[in-house]
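See below for the structure under consideration.
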Amino acid sequence: MAATRSRPDDIRAGASSEEPSPARPGGVPQLASGTSQSASERGLGPGPSRSGRAGAITVGIVGATGYAGGELVRLLLHHSGVRLAGLQGRNREDQPIAASHPHLGATGLVVGRTIPEADAIFTALPHGAAAELAAAITARGSALLDIGPDFRLHDPADYPRWYGFDHPAPELLAAAVYGLPELHRDEIRAAADRPAAVIGLPGCYPTVAILALAPLARAGLIGDLVVDAMSGVSGAGRELRQDLLFSEVNESVRAYGMFTHRHTAEMEQELGQQGERGGLGSRGANPGVASVDFLPHLIPMTRGILATCHVRPTRPVTQAEVDAMYDEAYRDEPFVQVVADPPSTRHVYGSNLCRIWARVDPRGSRILVLGVIDNLVKGAAGQAVQALNVLFGLPETTGLEQYPIAP
Ligand SMILES: NC(=O)c1ccc[n+]([C@@H]2O[C@H](COP(=O)([O-])OP(=O)(O)OC[C@H]3O[C@@H](n4cnc5c(N)ncnc54)[C@H](OP(=O)(O)O)[C@@H]3O)[C@@H](O)[C@H]2O)c1
């Protein structure tokens, strides 16, 4: 990132807002007013291209006071092709970033009330909030990269079903790209040429489960599937909740969201599509992805997800075949490492890496695939930066080169 500090003018608001309800962003962020340019004035009218543009990409972060927002700031500070145009936070009035992210205090950045004008806006908000802002953001010519779930599911009917709200921007949803670069790189690139570019970034659990299972889905091998996953507590965000207090979580493990977890919908959508991409026709090719058994657990650590995927294959398969599938799928991927030993969340901590281990049970009855990510990096902010790089035609690893932290 260019070493600029957000000037108050960049992010000041005009409008006041009331305290929003948790379910609906009553105090929705306001767009910076007065200096707005239309998409065509910004060179993003019909026939534009975000890729191949000159100069730093300006970006803004909405929801910058949360965990994902803070992680985005941390990553973008080391991004050579980006300039932070401003940070938005609920009801914040030019608040020093140290108030929400003490570890970033030395940056001198401030968080304000309005959404900055920028080439790209990241939203890191609770579900339903980004969808309400999307039309206004894209009308200004900004690409929208939503870290929340508002643009992940292609069928608008899935929003009332899984998230409890009717999608307010179905046209934008129809054009949105599921922002998992390893599976949808070409579609993200193609979105660069649209006046309204919307990327729905994957959820944390789906990121690791889909990457772990995509090669098997493409081969039509998923006869039955259980995704048994564990997440650190930062996956739930930083909103105060009694069940997330240290004394409730520490030295304890619990399952939650059995049969109802919202991320199930993403796994079914994306793994179903992989079967189709593999030329296998509809989801019937992978009966196990039509209704994924997803069992998440909360464990007493801060970051990291381990997903253990139990697959009953549709036909007998050898380890050599499975090895070849994973090698072909991921040998050229900068952030996916297929490893020889079962991975640990520690192996990816603080990095944009996903590590995968796939084994055929020697007794021949199932395939076991383990995947690990850092939920705040590959599961959220890092993946968002990766998608931004693809969208704007930058080398995909820009700003994401850091190795994991250990021990
Ligand atoms: N945490 C993860 O590992 C992870 C991974 C992938 C995706 N995600 C998704 O990313 C989004 C953000 O997650 P997070 O973990 O960063 O959550 P978080 O730490 O709770 O932060 C949420 C942010 O949204 C703001 N906010 C909360 N309610 C709002 C409302 N009603 N209207 C406007 N702004 C509101 C918060 O402001 P205040 O500071 O004022 O509360 C904060 O800036 C969620 O959709 C989450 O599902 C999270």
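For what it's worth, the working numbering labels the leading residue of the sequence shown as 1266, then goes sequentially.
Cβ coordinates follow ideal geometry from the N, Cα and C atoms, glycine included.
- The alpha carbon of Leu-1478 has as its nearest neighbour, out of Ile-1464, Tyr-1591 and Thr-1330, the alpha carbon of Tyr-1591.
- With contact defined as three or more Cβ pairs closer than 8 Å, the segment 1505 to 1513 and the segment 1567 to 1582 are not in contact.
- Bounds of the beta strand (DSSP E) holding Gln-1353 are 1347 to 1353.
- DSSP lists Ser-1496 and Ile-1638 as the beta-bridge partner residues of Ile-1570.
- Straight across, the Cα-Cα distance linking Thr-1567 with Arg-1611 is about 11 Å.
- Scanning its chain for C-beta atoms nearer than 6 Å, with the 5 sequence neighbours on each side dropped, one finds around Leu-1633 the residues Arg-1624, in chain order.
- Between Pro-1467 and the set Ile-1487, Val-1514, Ser-1512 and His-1419, the nearest pair of CA atoms involves His-1419.
- Taking non-hydrogen atoms of ligand 1 into account, the C-beta of Gly-1465 is found less than 7 Å away from none of them.
- Look at His-1575 here: in three-state DSSP terms it is strand.
- Taking the CA atoms as reference points, Val-1492 sits about 12 Å from Leu-1536.
- Tyr-1443 places its beta carbon 8 Å or farther from that of Gly-1413.
- Non-local C-beta neighbours of Trp-1427 in its own chain, meaning closer than 6 Å and more than five positions away in sequence, comprise Arg-1527 and Ala-1530, ordered along the chain.
- The closest CA to that of Gly-1331, considering only Ala-1439, Ala-1389, Leu-1486 and Ala-1319, is found on Ala-1389.
- Here the segment 1640 to 1654 makes contact with the segment 1340 to 1348; the two share three or more CB pairs at distances below 8 Å.
- Apart from the 5 residues on each side of it in sequence, Gly-1334 sits with its Cβ closer than 6 Å to the Cβ of Ile-1326, Gly-1328 and Ala-1389 in its chain, given in chain order.
- If you draw a 10 Å sphere on the C-beta of Ala-1371, you find fewer than 16 other C-beta atoms in it, and that means exposed.
- Taking each of Ala-1440, Thr-1662, Ala-1404 and Ile-1386 in turn and checking the Cα distance to Asp-1597, the smallest one comes out for Thr-1662.
- Minimum Cα-Cα distance from Asn-1640 among the listed residues Arg-1315, Ile-1322, Glu-1336 and Gly-1317 corresponds to Glu-1336.
- The beta carbons of Leu-1656 and Asn-1617 sit no closer together than 8 Å.
- Not one heavy atom of ligand 1 falls within 7 Å of the beta-carbon of Arg-1506.
- A straight-line Cα-Cα distance of about 8 Å links Ala-1422 and Asp-1431.
- Looking at the DSSP output, Gln-1360 sits in a beta bridge with Val-1376.
- By alpha-carbon distance to Gly-1569, the top candidate from Gly-1377, Pro-1669 and Gln-1602 is Pro-1669.
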